[in-house]
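Here the structure is laid out as structure tokens; the discussion comes afterwards.
Chains as they are written, first to last, in our numbering: chain C, 13 to 200; chain W, 98 to 254; chain U, 124 to 536; chain L, 13 to 407.
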């Protein structure tokens, strides 16, 4: 047990009138090793938390498009704006969106990161390249997040032109992962 | 019509599966740790009493929920792991809404000599009996198998 | 006080057991859009602040607040989430308007419970992890896979073992409470059954209700015991639905040419979360009602309130709440349900919308659905279920198992 | 509207794991604040709880579970939630309880127990992403901030006319400043009097450009604050600290549809707050600020959003020492999240309680020299979209 206080109870009255706040820090620190060695009593629980979210019409069209090798956006005519990923309404004018458009599968890197962490915060040696891609046919700063591949981590930069690499058609299932990653376009 | 177009294809893939699965660790806390540490080595409950409200808490607390005063170390004492059934119900369903193979009798048990109750599973074969007011005793795991959680209480009998 | 808060617009979706055609965003958008059209306001220009009532685990996101602004019209505007029932949202909106920061505030609450596959386990997850939850069953995940992975560097801590295979359904808590209610007040199971019959009948006249049913007390009594004495028909089934309210100052309402329905008082209260020391008398409803009546200047609730919507997600709850709020003496509410006092044409019309038993259990939207019914009644738009001469109405809700918290709102014309 | 005064604050130790349950932590913080104000549970009219995701503590409806620790058993109690913004949003909610005239005395408690989530608190963060567009890619939360960091850094470097590497160095100075400021804070998890820029730049890369010391790690902790209305404040103090104004604002969920270089939502929230607080010229009227600093660049990003400096120039201000405790505009004198720790909602302890302690002259070793009269606290949350701002003033 680390730093076990003699009196874990909080005794503020004794420090009344002191001018430095907080007067001291209530709490008992526990180290990760104390937990592993079961030096404190604890309970454990594994909840079952499963969902099946309704995708909604806009996402259905988008996912269906991915299956066919297309990235679909939708137009808000009032704002003259193509929304990618698509949605049923425009968040700026609060009106319904109208016309489906393909935005193509090429674009530029809006921003990126070179990650040495996986999704559970475990350290990895071969980094994951990840970033936001703005499509050529969508307005500036309208894109999606995805992986980059066939790319040198030394050479990646903001504004680089990239193109989607799709899974073979028979392996696509209507998911964002139907795109394997984005790779640099020739000349980059 | 709220939207420009609506879904009309009944065969469209409408749902997306996912989860929020994670495991959870719950330290027993200052008061809980005393309770479970005691339960690991003894067959009775360690409880505490608010000196101001004269309320005896089981499970014990660090502070009194009514007057919000701290409960000092010298207000702790053990009580026997026995009680009286205040309320009971016969649960037929599991958490998924399916029939339990064996119905489970769940009860709220007033712990003797305290002002508190605990939830518990009652071991009984008679599902139609009126159990209200019956005296029950906690059945604990063998001492070498106790882990310092509420699971050390197997059931009440 | 100089400012008065009133309802200027309401909107809702249909309530359905499943809603596969709409994402949660579309669903909320529909309700909000209808409310804004009803009030005649443009959310992007007129509405000052937005409030959503939601809990993460009901929705399936670690931070649900993220997924709110677009569909309620709150992009780049003040918007927040209140983890509570819809009536908590209404009260919050009331306070925000009273600070004079805003003139118009929108409140949204919804249930998309059909997205959640493990409903029972979720309520177990709300029980105290140390002293209540382990009673329900095994610690290890019993059914679905998909457990998190552990690495050698960060292994899984020691996990206890147990013999049971299944976790028990958390509605057993309601079974316990119902037993307490029946025993302490002398109410009978038949009286609870007549609440079910009444509410499911009322739902026939409510176009958005999803669980209308033409049954008699006998049918309810013959339905099987699931958590004795709680029977199958005593339990409100789950439903999807979204409701949005637009609240404004009295002056704004007049400017917009809308006859205001005043939110004249609200209150909420929480009892201790410990099942171990909590009474089972719905003390929360009593205190919340007291606070709301004080704010609304209601001195004789039984006389002054013309229509009541109270939480009836289990049939006995309606009776228990009526008694707690002072509309009946302990043990009398059951009699009132039986003799027709609580019917639409009775002297104390209760749950005219069909309540949760008729409309469905819509989680955090329960309270706001009840408020919606009160507003509909006060506006005189309730059609065949319209109560005559309504001046004041009360909506009450409970935060559901395993909590002891609830809220009350009083509306008047 | 009623004027609202702060009359008490409290906080617990911040650590990766604490032995206490969430309720007990809330109790410690609430009790400290109540002792500070000299009130008992009877005096409290209403209680507000601020707590971020349920998925950390591992309790559904966690607000309900925590309520007895927040002195709320038998009282009106509500929980508000804005992701990371909760640390300042809960005090804002407390403010409207009193400002609206509904309550005279309101207790605000913020609690977080991130250590409960296994295998790692990141596991819970995995579920904050869009389930269809992002979650199938198995994202890590740090990626998100790394991407924003990168976008911001490129913009700032260009604006200040320096190289990206130099800019990263200047940004790292934020970690040095805050971890040094935290020395003397009894609750601090990460105080380090000897840390240097080199240490920060050479700590392991998590997701470039974010290094380990650029991040504030997950913690357990709680904090509490007590408000009273101006009508009753004379019972507690002669020199009250008032809430000048509050503001909050949220941007679109679609973070990939926004330009990340500048936080528009912070600017909107700050403008709302400043307008109410009568702050016409933020750089002149504000004496010190506590912007949210879970990552080094965020402090700078938020300073710009809070209009405390020109867009893209906050790093320069830091480099020139203006944001030090004795500088022209002290930023995060408490040590911030980078120095004290980041139990999401409980950061109210640094972001609002600290304002109170500084203005009341109770901050001890951390006290800002001079006579601070106006302080601004800010928090930020959700998917880089929510900003909450509060201004406190003396007298």
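Glycine included, each C-beta is placed from N, C-alpha and C at the ideal position.
Beta-carbon spacing of residue i, residue j below 7 Å
i                      : j                      : result
residue 276 of chain C : residue 127 of chain C : This structure gives no information on residue 276 of chain C, because the portion of chain C shown stretches from 13 to 200.
residue 72 of chain L  : residue 248 of chain U : yes
residue 482 of chain U : residue 57 of chain C  : no
residue 236 of chain W : residue 204 of chain W : no
residue 395 of chain U : residue 162 of chain W : yes
residue 519 of chain U : residue 433 of chain U : yes
residue 265 of chain L : residue 193 of chain U : yes
residue 359 of chain L : residue 186 of chain L : no
residue 340 of chain U : residue 132 of chain U : no
residue 360 of chain U : residue 334 of chain U : yes
residue 115 of chain L : residue 46 of chain L  : no
residue 315 of chain U : residue 438 of chain U : yes
residue 241 of chain L : residue 221 of chain U : no
residue 240 of chain U : residue 64 of chain C  : yes
residue 168 of chain W : residue 150 of chain W : no
Whole-angstrom distance between residue j and residue i, CA atom to CA atom
i                      : j                      : result
residue 148 of chain C : residue 107 of chain L : 47 Å
residue 350 of chain L : residue 277 of chain L : 22 Å
residue 217 of chain L : residue 49 of chain L  : 45 Å
residue 315 of chain L : residue 130 of chain U : 39 Å
residue 370 of chain L : residue 177 of chain L : 35 Å
residue 298 of chain U : residue 41 of chain L  : 36 Å
residue 124 of chain W : residue 271 of chain L : 42 Å
residue 129 of chain L : residue 152 of chain L : 15 Å
residue 228 of chain L : residue 39 of chain C  : 19 Å
residue 127 of chain L : residue 282 of chain U : 16 Å
residue 13 of chain L  : residue 471 of chain U : 37 Å
residue 319 of chain L : residue 390 of chain L : 12 Å
residue 6 of chain C   : residue 186 of chain C : Lying outside 13 to 200, the shown extent of chain C, residue 6 of chain C is not represented and no answer is given.
residue 311 of chain U : residue 430 of chain U : 24 Å
residue 61 of chain C  : residue 172 of chain L : 48 Å
residue 191 of chain U : residue 211 of chain W : 47 Å
residue 160 of chain C : residue 195 of chain C : 6 Å
residue 310 of chain L : residue 388 of chain U : 42 Å
residue 358 of chain U : residue 393 of chain L : 38 Å
residue 333 of chain L : residue 339 of chain L : 6 Å
Residue interval of the alpha helix (DSSP H) (run including residue i)
i                      : result
residue 469 of chain U : Run containing residue 469 of chain U: none; DSSP gives neither H nor E here.
residue 159 of chain U : 147–162
residue 156 of chain L : 153–172
residue 348 of chain L : 348–352
Integer-rounded CB distance, given that residue j should sit under 8 Å from residue i
i                      : j                      : result
residue 118 of chain C : residue 170 of chain C : Their Cβ separation, rounded to whole angstroms, is 16 Å, which puts residue 118 of chain C and residue 170 of chain C out of contact at 8 Å.
residue 196 of chain L : residue 378 of chain L : 6 Å
residue 47 of chain C  : residue 280 of chain U : 5 Å
residue 3 of chain L   : residue 321 of chain L : Absent from the model: residue 3 of chain L. The displayed extent of chain L is 13 to 407, so no value can be given.
residue 208 of chain U : residue 522 of chain U : 6 Å
First through last residue of the beta strand (DSSP E) which encompasses residue i
i                      : result
residue 76 of chain C  : Residue 76 of chain C -> not in any beta strand (DSSP E); alpha helix (DSSP H) instead, spanning 69–79.
residue 39 of chain L  : Careful: residue 39 of chain L lies outside any beta strand (DSSP E), inside the alpha helix (DSSP H) at 34–49.
residue 417 of chain U : Residue 417 of chain U -> not in any beta strand (DSSP E); alpha helix (DSSP H) instead, spanning 406–419.
>> When you compare the region 235–255 of chain L with the region 105–121 of chain L, are there three or more beta-carbon pairs, one atom per stretch, that lie closer than 8 Å?
In response: yes
>> Does the region 421–428 of chain U come into contact with the region 320–332 of chain U, if we say contact requires no fewer than three beta-carbon pairs (one atom in each stretch) closer than 8 Å?
In response: no
> Is the region 158–165 of chain L close to the region 221–231 of chain L, with three or more CB pairs under 8 Å?
Replying inline: yes
> Using 8 Å as the Cβ pair cut-off and three pairs as the minimum, do the region 86–104 of chain L and the region 53–70 of chain L touch?
Replying inline: yes
>> Across the region 227–245 of chain W and the region 241–255 of chain U, are there enough close Cβ pairs to call them in contact, namely three or more that are closer than 8 Å?
In response: no
>> If contact is defined by three or more beta carbon pairs under 8 Å, each pair taking one atom from either stretch, is the region 165–174 of chain U in contact with the region 194–213 of chain U?
In response: yes
>> Does the region 102–120 of chain C come into contact with the region 138–147 of chain L, if we say contact requires no fewer than three beta-carbon pairs (one atom in each stretch) closer than 8 Å?
In response: no
> How do the region 487–499 of chain U and the region 449–465 of chain U stand: do at least 3 beta-carbon pairs fall below 8 Å, yes or no?
Replying inline: no
> Should the region 109–117 of chain W be called in touch with the region 215–224 of chain W, which here means at least 3 C-beta pairs below 8 Å?
Replying inline: no
>> Whether or not the region 497–507 of chain U and the region 408–422 of chain U are in contact is what I'm after, with contact meaning three or more pairs of Cβ atoms, one per stretch, closer than 8 Å; do they touch?
In response: no
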